[in-house]
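Q: Residue numbers (the working numbering), protein chains in the order written: chain A, 3 to 336; chain B, 3 to 336.
Structure below; questions to follow.
Number of protein chains: 2
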Amino acid sequence: MKPTIKEVAKKAAVSIATVSRALSNSGLVAEATRDRIRQIAEEIHYTPNVSARSLSTNRTDTIVLVLPDLFGEFFSEVIRGADQRAQQHNYHLLVSSSHNNKGDIESALHSMRGRVDGIVIMSPNIDAHTLESSLPKSLPVVLLNCSVDGERCDSINIDDSQGAYQVVRHLISHGHRRIAIIKGTPNNLDAEERLLGYRKAVSEGGGDISEELEVDGNFTELSGQEAVTKILGLNPRPTAIFASNDSMAIGAISALRKNGIQVPTEMAIAGFDDIPVAEYLRPSLTTARIAISELGAMAVETLVNAVKERNAHTKKQLVLQANLVVRESCGCSD
Amino acid sequence: MKPTIKEVAKKAAVSIATVSRALSNSGLVAEATRDRIRQIAEEIHYTPNVSARSLSTNRTDTIVLVLPDLFGEFFSEVIRGADQRAQQHNYHLLVSSSHNNKGDIESALHSMRGRVDGIVIMSPNIDAHTLESSLPKSLPVVLLNCSVDGERCDSINIDDSQGAYQVVRHLISHGHRRIAIIKGTPNNLDAEERLLGYRKAVSEGGGDISEELEVDGNFTELSGQEAVTKILGLNPRPTAIFASNDSMAIGAISALRKNGIQVPTEMAIAGFDDIPVAEYLRPSLTTARIAISELGAMAVETLVNAVKERNAHTKKQLVLQANLVVRESCGCSD
DNA sequence: CGCTTTCATGTAAACGTTTACATTCCCGTA
DNA sequence: TACGGGAATGTAAACGTTTACATGAAAGCG
């Protein structure tokens with residue numbers, strides 16, 4: 003059985019209050035007493051129970067990042083940024099997956115009460131109003147990639163529409179007029195806004211506007227591959243593809259190669275995100291770059307501030323801009 | 003302030019014990035009473051404090067995965083497998099980073115007492131004996147990619163040596179005799195064993211054995227690129243490269259391209275891991291495949307069993323085999 | 001020498017929840 | 001009608017730690 007503070011107190015012949023003060027440097031303890039207590043604690047491998055401690059102090063020095071998924075380069079980069087910034091603020095970062103469904107988000111939220119000081123939630127697939135009804139009232143929350151009205155918590159979103167618009171405009175500037183889009187997951191905020199940006203750019207640039215050019219995908223490489231099969235079957239065939247994220251662009255490039263179609267000379271392609279591997283592909287991928295890792299870092303920064311203000315601060319909504327990154331897959335050179 | 007069980011009890015005109023029984027379905031409660039309590043709990047947005055609950059029940063239904071880093075496709079895949087298996091067992095999975103240093107591992111371990119029921123630790127860079135001295139005695143732990151003597155906890159390792167051996171043997175079967183290796187991080191168990199496998203295959207296959215062919219890397223794409231600069235400067239120039247992981251192989255391929263060297267006709271290359279993007283590269287990457295996601299899943303399975311047995315079971319050491327996956331980058335066709 | 005202040009430590013309540021045990025009431029059976 | 005058993009609920013201790021307040025002793029100052 004794991005030793006408790008009582009065992010330390012007994013062996014050190016002091017009260018548990020003295021042990022607590024000695025180990026946490028809170029309040030006066032005679033130096034000789036403190037040294038004796040610390041030595042005994044180390045000898046019997048005592049570590050405080052953080053549940054008991056947080057019950058008592060009403061603090062955990064921990065925050066949690068709840069993501070739709072925990073894998074893939076995009077989420078990886080979000081976690082990287084969040085982890086680094088949490089470390090700088092001496093907060094312990096935990097990461098948890100909501101598996102992209104509302105029930106799991108609620109379950110994750112319910113399991114966090116008393117365990118963390120604040121929560122970052124990325125949840126582009128969940129309706130923000132139904133999400134808000136699940137949010138604990140006093141626990142600071144920062145929402146990522148959700149559409150909320152701003153009274154209840156801070157949020158950071160990506161200007162998806164503008165990023166998609168830039169990328170598609172660039173394809174148009176290459177002379178493309180028949181551009182397909184591989185869409186993201188249905189009911190996903192990012193996907194919806196990227197579609198809007200695509201439509202706006204195509205409309206303004208005199209490109210073909212057609213429902214058949216808007217091909218289903220779900221942000222995975224496999225769905226990018228499958229979309230290409232459909233795109234190649236369209237008549238007349240598109241000359242460029244905008245994939246709503248880089249993973250689908252990667253899958254699309256692979257499928258084009260398998261169909262003997264040369265990128266970018268026979269089909270131009272562009273993505274969205276700029277995940278790290280995008281620059282290593284051949285051809286390297288033109289894309290809308292989001293500072294993904296900075297998204298995670300800003301989320302943590304915002305949350306840590308909210309925790310310090312006991313969630314009483316004026317909530318704010320930030321928007322991250324996307325920047326066009328021109329590489330080879332649109333026809334430009336690296 | 004967040005409502006507690008006391009507020010629910012007061013509004014429902016029952017004791018806190020009745021509320022606890024009603025909400026957790028433990029013990030008899032009249033149906034009308036239970037319905038009234040649940041309605042009130044929902045109205046005032048009551049969620050139990052999990053710290054208090056775990057203090058009382060001595061259980062958390064949570065496990066944690068402590069990784070050297072939380073980003074990159076490899077760790078991503080480990081997390082994917084772990085998360086799926088944890089969900090199947092109705093355990094909540096948390097993920098935390100040790101930032102690949104002993105101090106942070108100890109800090110992570112100390113912050114988990116009373117918060118989780120068990121811990122998976124992947125720590126290839128830390129000497130296992132010093133790690134073991136930090137392990138809590140009664141908390142079940144599963145170690146990944148560490149070298150331990152097996153009395154204290156379960157472990158799952160990769161047969162790195164054998165995997166590297168297979169890959170390098172394959173390069174030798176293509177006629178290569180001057181094969182460079184891009185090594186992993188110093189003092190890393192995986193890196194060390196892959197180097198041993200490389201040496202054994204080269205030695206048995208009559209290849210060149212030379213310290214200059216063993217080039218430093220640290221598992222990142224950038225270090226793969228930098229290693230290529232050194233390798234191209236060797237005289238006579240190697241005809242093949244074995245990168246100790248796929249990320250460095252990706253970086254190496256990119257650098258070879260930039261130097262105008264065609265893979266595989268002018269330089270063959272192979273990696274280790276088989277991260278998901280490896281199949282989308284051009285040329286696609288020959289590699290030693292580890293069922294990375296299965297590593298995570300097995301770790302969780304082993305830990306959940308250890309928790310159930312209250313850590314009193316006979317500890318076991320499992321070894322995951324690597325399988326050669328032949329693609330284009332060695333000169334074979336897909 | 002006496003009084004005041006400060007140091008060092010102990011006591012006990014509190015944090016929020018669970019649950020063992022006790023109590024009361026109701027129902028069924030002889 | 002009486003007794004026994006079971007349902008329903010309340011009481012209070014426990015989980016492990018923190019910390020406000022109390023107490024005693026020692027040191028310093030007038």
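Cβ atoms here follow ideal geometry from the backbone N, Cα and C, with glycine treated the same way.
#1: Along the region 50 to 62 of chain A, where does the CB come closer than 9 Å to a CB of chain B? Name the residues.
#2: Can you give me the Cβ contacts of GLU303 of chain A inside the same chain, cut-off strictly under 7 Å, excluding the 5 residues immediately before and after it?
#3: Cutting at 8 Å between CB atoms, please list the residues of its own chain near ALA11 of chain A, excluding the five before and the five after it.
#4: For the alpha helix (DSSP H) containing THR59 of chain A, name the first residue and the last one.
#5: Determine whether the Cβ of TYR282 of chain B lies closer than 8 Å to any Cβ atom of chain A.
#6: Measure from the C-beta of HIS176 of chain A to each C-beta in chain B and report whether the shortest distance is under 8 Å.
#7: Mind checking whether GLY226 of chain B and LYS185 of chain B have CB atoms under 8 Å apart?
#8: Quick one: Cα of GLY253 of chain A to Cα of ASN127 of chain A, how far?
#9: In whole angstroms, give me the CA-to-CA distance for SER205 of chain B and ARG171 of chain B.
#10: Starting from the Cα of VAL321 of chain A, find the closest Cα among A:LYS8, A:SER136 and A:ILE158 and give me that residue.
#11: Just to confirm the assignment, what range does the beta strand (DSSP E) spanning HIS94 of chain B have?
#12: Since GLY29 of chain B sits in a beta bridge, which residues does DSSP pair it with?
#13: Mind pulling the beta strand (DSSP E) runs of 3 or more residues that sit fully within the region 58 to 136 of chain A?
#14: Assuming LEU320 of chain A is part of the beta strand (DSSP E), what are its boundary residues?
#15: Look at the alpha carbon of LEU236 of chain A and the alpha carbon of VAL327 of chain A, and state the distance between them as a whole number of angstroms.
#16: Once DSSP output is grouped into helix, strand and coil, what is the label at ALA19 of chain B?
#17: Which residues, taken in chain order from the region 116 to 150 of chain A, show a beta carbon closer than 7 Å to some beta carbon of chain B?
#18: Measuring straight from C-alpha to C-alpha, what distance separates ASN51 of chain B and ARG40 of chain A?
#19: Measure the CB-CB distance between ILE243 of chain B and ALA182 of chain B and report whether it falls below 8 Å.
#20: In angstroms with no decimal places, state the Cα-to-Cα distance between ARG196 of chain B and THR289 of chain B.
#21: Per DSSP, what kind of secondary structure is LEU215 of chain B in: helix, strand or coil?
#22: Quick one: residues in its chain with C-beta nearer than 6 Å to the C-beta of LEU72 of chain A, no 5 flanking neighbours on either side, listed in chain order?
#23: Quick one, which of A:VAL279, A:ALA280, A:ARG284 and A:CYS148 has its alpha-carbon nearest PRO266 of chain A's?
#24: Less than 8 Å between the beta carbons of ILE123 of chain A and LEU96 of chain A, yes or no?
#25: Using the beta-carbon of each residue, which ones in chain A are nearer than 7 Å to GLU33 of chain B?
#26: ILE46 of chain A to SER109 of chain A, Cα distance in whole Å?
#27: Taking the continuous alpha helix (DSSP H) assigned at ALA166 of chain B, which residues delimit it?
A: The relevant details are as follows:
#1: PRO50, ASN51, VAL52, SER53, ALA54, ARG55, SER56, LEU57 and THR62
#2: ARG87
#3: SER17, ILE18, THR20 and VAL21
#4: 52 to 59
#5: yes
#6: no
#7: no
#8: 22 Å
#9: 10 Å
#10: A:ILE158
#11: 94 to 99
#12: DSSP lists no partner for GLY29 of chain B.
#13: 64 to 69, 94 to 99 and 120 to 124
#14: 319 to 322
#15: 28 Å
#16: helix
#17: GLY116, ARG117, PRO138, LYS139 and SER140
#18: 31 Å
#19: yes
#20: 13 Å
#21: helix
#22: SER99
#23: A:ARG284
#24: no
#25: Near GLU33 of chain B there are no residues of chain A at all, since even the closest Cβ is about 24 Å away, more than 7 Å.
#26: 37 Å
#27: 162 to 175
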